[in-house]
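Those letters in the sequence shown? Residues 0 to 418, per numbering that gives the first Met the number 0, in order. First the structure, in the form of structure tokens, and then the observations on it.
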Amino acid sequence: MMEIAELERYNPWWKTGKAKKEWLEEYKRKLYYEVLRYVNKRQMILIQGLRRTGKTTLLFQLVQNLLDRNETPKNIVYFSFDEIVYDIKEVLEAYQKFILKKPFGEIKNRVYIFLDELQKVKNWEEKLKVFYDLYPNLKFIVSGSSSISLRKKSKESLAGRVIDFNMSPLEFDEFLEINGYDAKKIQKNPDLWRNEIVPLFYKYLKYGSFPELAKEEDEEFARKYIMNSVIERVIYKDIAQEFEVREVELLKKLLYTIGKNPGMIVNFKEIGKNFGRDERTISNYFEYLEYGLLIKFIFNYRGSSLATMRKLKKVYFTTPNLIFALNPYPESLLPKMLENVVASLPEIRHFYRNNYEIDFISENGKTVIEVKMEGKKLKQVKKFISNKKVKECFIVDFEKEGKENGMKIIPIWKFLLNC
Numbered sequence: 000m001m002e003i004a005e006l007e008r009y010n011p012w013w014k015t016g017k018a019k020k021e022w023l024e025e026y027k028r029k030l031y032y033e034v035l036r037y038v039n040k041r042q043m044i045l046i047q048g049l050r051r052t053g054k055t056t057l058l059f060q061l062v063q064n065l066l067d068r069n070e071t072p073k074n075i076v077y078f079s080f081d082e083i084v085y086d087i088k089e090v091l092e093a094y095q096k097f098i099l100k101k102p103f104g105e106i107k108n109r110v111y112i113f114l115d116e117l118q119k120v121k122n123w124e125e126k127l128k129v130f131y132d133l134y135p136n137l138k139f140i141v142s143g144s145s146s147i148s149l150r151k152k153s154k155e156s157l158a159g160r161v162i163d164f165n166m167s168p169l170e171f172d173e174f175l176e177i178n179g180y181d182a183k184k185i186q187k188n189p190d191l192w193r194n195e196i197v198p199l200f201y202k203y204l205k206y207g208s209f210p211e212l213a214k215e216e217d218e219e220f221a222r223k224y225i226m227n228s229v230i231e232r233v234i235y236k237d238i239a240q241e242f243e244v245r246e247v248e249l250l251k252k253l254l255y256t257i258g259k260n261p262g263m264i265v266n267f268k269e270i271g272k273n274f275g276r277d278e279r280t281i282s283n284y285f286e287y288l289e290y291g292l293l294i295k296f297i298f299n300y301r302g303s304s305l306a307t308m309r310k311l312k313k314v315y316f317t318t319p320n321l322i323f324a325l326n327p328y329p330e331s332l333l334p335k336m337l338e339n340v341v342a343s344l345p346e347i348r349h350f351y352r353n354n355y356e357i358d359f360i361s362e363n364g365k366t367v368i369e370v371k372m373e374g375k376k377l378k379q380v381k382k383f384i385s386n387k388k389v390k391e392c393f394i395v396d397f398e399k400e401g402k403e404n405g406m407k408i409i410p411i412w413k414f415l416l417n418c
């Protein structure tokens with residue numbers, strides 16, 4: 000039976016009326032305001048995202064918002080399954096017994112239930128569905144550090160009952176705002192801020208997409224933080240426990256392989272030969288890394304989703320910061336990091352390769368982004384734009400700006416400011 004102390008340590012507002020200051024960040028990410036719009040809706044809220052991107056902080060910020068709106072403190076409960084995995088029913092029964100002193104059905108007002116790292120709980124979707132259907136006064140706001148599993152289960156078992164959100168690593172404008180800059184002001188006249196913003200962009204590219212590192216100056220600390228708190232945590236804890244992986248070290252070896260060549264064409268058979276493993280094993284392990292939100296696949300554009308999925312695919316990290324963490328001399332990989340920061344944008348789902356290559360294409364096929372374009376590719380880009388009826392094209396470089404044969408080249412930091 001769960002003890003009351005295990006609930007109380009997560010819920011200090013039952014006694015103080017507020018969340019602990021150290022649990023709250025002054026800066027609120029864009030997603031906070033998006034989620035806030037749905038807090039009073041009936042549906043559950045599901046927030047998924049890579050570790051250390053701020054999901055738990057966002058949950059506590061939402062708790063504090065409710066307290067500021069004079070919601071009854073004891074009608075708000077938070078629990079994390081990250082360290083100790085209880086059954087959801089056990090947690091909620093203890094909450095009713097020790098805190099509410101009555102069952103949910105006898106509570107007239109809304110009860111807000113925050114559940115963190117929910118992917119740890121087996122059959123969580125079925126258990127939440129039971130409580131959701133039985134008690135209309137319950138509002139579930141839950142989070143998890145995986146993508147495929149959470150999204151699939153929520154759509155299959157909780158159709159119509161859940162609204163899901165993705166918490167991405169920090170966007171560049173968010174990174175600037177954490178560092179005290181007014182991103183909207185910079186957008187209006189970016190050249191005025193160039194000398195300050197360009198050095199910050201390189202920092203962002205290396206390790207600035209994690210909120211706790213946004214103001215960090217120690218690169219070695221940042222590298223160890225990403226390795227220990229993100230990469231190894233996902234590999235050794237999240238993936239290993241979820242899939243009972245036999246060769247955990249193989250996951251890390253695959254990450255190092257990607258780290259040396261992000262954007263590589265994925266050939267499971269060839270990779271398997273290099274590691275002495277069969278094609279199916281390698282395919283599964285890549286799926287595990289995708290599950291943990293460490294990697295992202297983009298597919299060769301073919302115009303139809305079915306044809307696209309059957310063709311070539313490339314693999315990138317979900318943030319270029321992982322390249323920095325996995326390489327002792329990341330400066331040599333700056334061009335790859337530039338490529339990866341574009342690939343990590345949520346709207347990027349494709350590339351094109353058929354006699355010639357286009358770097359990135361949006362999911363709807365209407366936007367093309369070319370990275371560090373060489374002169375010989377200009378005709379190819381123009382040909383693709385004409386043939387595929389592309390609406391907009393961006394040529395991005397580190398700092399180069401201008402026009403080349405009628406095509407505009409924009410520095411990547413300016414481009415990201417307006418994404």
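Glycine included, each C-beta is placed from N, C-alpha and C at the ideal position.
So, at 8 Å on beta carbons, what are the nonlocal neighbours of residue i in its own chain, with the 5 sequence-adjacent residues on each side left out?
i	result
Gly364	Tyr300, Gly302, His349, Lys387, Val389
Glu124	Lys152, Ser153, Glu155, Ser156, Leu157
Lys101	Gln95
Taking the alpha carbon of residue i as the reference point, which residue from the options has its own alpha carbon closest?
i	options	result
Phe59	Gly207, Lys27, Asn69	Lys27
Lys152	Phe174, Leu117, Leu288	Leu117
Gly262	Lys295, Arg279, Tyr290	Lys295
Glu70	Glu216, Lys259, Trp12	Trp12
Gly143	Phe78, Glu173, Ala158, Asp181	Phe78
Pro345	Ile98, Leu137, Glu170	Glu170
Gly419	Pro72, Lys259, Leu137	Nothing about residue 419 can be reported from this structure: the residues present for the chain run from 0 to 418 only.
Phe383	Glu219, Glu216, Thr280, Asn353	Asn353
Ile230	Asp217, Leu254, Leu249, Gln42	Leu254
Ile264	Glu356, Thr52, Glu219	Glu356
Leu133	Phe242, Arg41, Glu278	Arg41
Val314	Thr15, Arg51, Glu330, Lys335	Lys335
Phe130	Leu149, Ile411, Met43	Met43
Ile411	Ser385, Gln379, Ile368	Ile368
Pro329	Arg222, Ile106, Ile3	Arg222
Asn227	Asn273, Arg36, Arg51	Arg51
Leu6	Ile112, Glu25, Lys54, Ile106	Ile112
Leu99	Ile3, Glu278, Glu391, Asn260	Ile3
Thr55	Asn122, Val141, Pro72	Val141
Glu82	Arg232, Leu293, Asp277	Arg232
Leu293	Tyr32, Asn320, Arg150, Arg276	Asn320
Cutting at 6 Å between CB atoms, please list the residues of its own chain near residue i, excluding the five before and the five after it.
i	result
Phe80	Glu116, Lys119, Val120
Trp432	With the chain covering only 0 through 418, there is no way to say anything about residue 432.
Lys205	Phe323
Arg68	none
Ser361	Glu346
Would residue i and residue j qualify as a contact pair, given that the criterion is a beta-carbon distance under 8 Å?
i	j	result
Arg160	Lys126	no
Ile177	Pro135	no
Thr318	Ser208	yes
Leu61	Val76	no
Phe139	Leu114	yes
Gly291	Ile281	no
Phe423	Lys310	For the chain, the structure presents residues 0 to 418; residue 423 sits outside this window and is missing.
Leu175	Ala182	yes
Asn74	Val110	yes
Glu403	Leu377	yes
Ile234	Lys214	no
Phe316	Ile257	yes
Asp237	Ser343	no
Leu416	Asp217	no
Phe393	Ile409	yes
Tyr201	Leu212	no
Phe274	Leu249	yes
Below 7 Å CB to CB, which residues in the same chain sit around residue i once its five sequence neighbours on both sides are set aside?
i	result
Val370	Leu337, Glu338, Val341, Asp358, Val395
Met1	Tyr85, Glu89, Val90, Ala93
Lys17	Gln63, Leu66
Leu332	Ile322, Asn326
Leu30	Leu57, Phe164, Met166
Val247	Ile234, Tyr235, Ala239
Gly53	Arg28, Met166, Pro210
Lys19	Pro11
Hey, is residue i close to the ligand PLP, as in C-beta under 7 Å from one of its heavy atoms?
i	result
Glu125	As far as ligands go, the structure on display features none, and thus does not contain the ligand PLP.
I'd like to know whether the C-beta of residue i is nearer than 8 Å to at least one C-beta of chain B.
i	result
Glu246	Absence of chain B from the displayed structure is noted, only one protein chain being present.
Take every Cβ of the stretch 145-164, pair it with every Cβ of the stretch 192-206, and state whether three or more of those distances are shorter than 8 Å. Three or more beta-carbon pairs separated by less than 8 Å are not found between the stretch 145-164 and the stretch 192-206, which leaves the two stretches without contact.
ask   = Are the stretch 70-89 and the stretch 42-51 touching, with three or more C-beta to C-beta distances below 8 Å?
value = no
Worksheet entry | Every unbroken alpha helix (DSSP H) inside the stretch 261-331 [4 residues or more] | 267-274, 278-290, 304-308, 320-325
Margin query: Measuring CB atoms only, is the stretch 273-291 touching the stretch 183-194, in the sense that at least three cross pairs come out at less than 8 Å?
Written below: When Cβ pairs closer than 8 Å are counted between the two stretches, the stretch 273-291 is seen not to touch the stretch 183-194, the count staying below three.
Exercise. Let me know the alpha helix (DSSP H) ranges lying completely inside the stretch 136-166, each 4 residues or longer, listed in chain order.
Key: 147-156
Where in the stretch 333-366 do unbroken runs of the alpha helix (DSSP H), each at least 4 residues long, occur, reported from the N-terminal end onward?
-> 333-342
**Item:** Runs of beta strand (DSSP E) lying entirely within the stretch 177-248, each at least 3 residues, in chain order
**Value:** none
TODO: Report the residue ranges of all alpha helix (DSSP H) runs contained in full by the stretch 30-100; include only those spanning at least 4 residues, in chain order.
DONE: 54-67, 87-93
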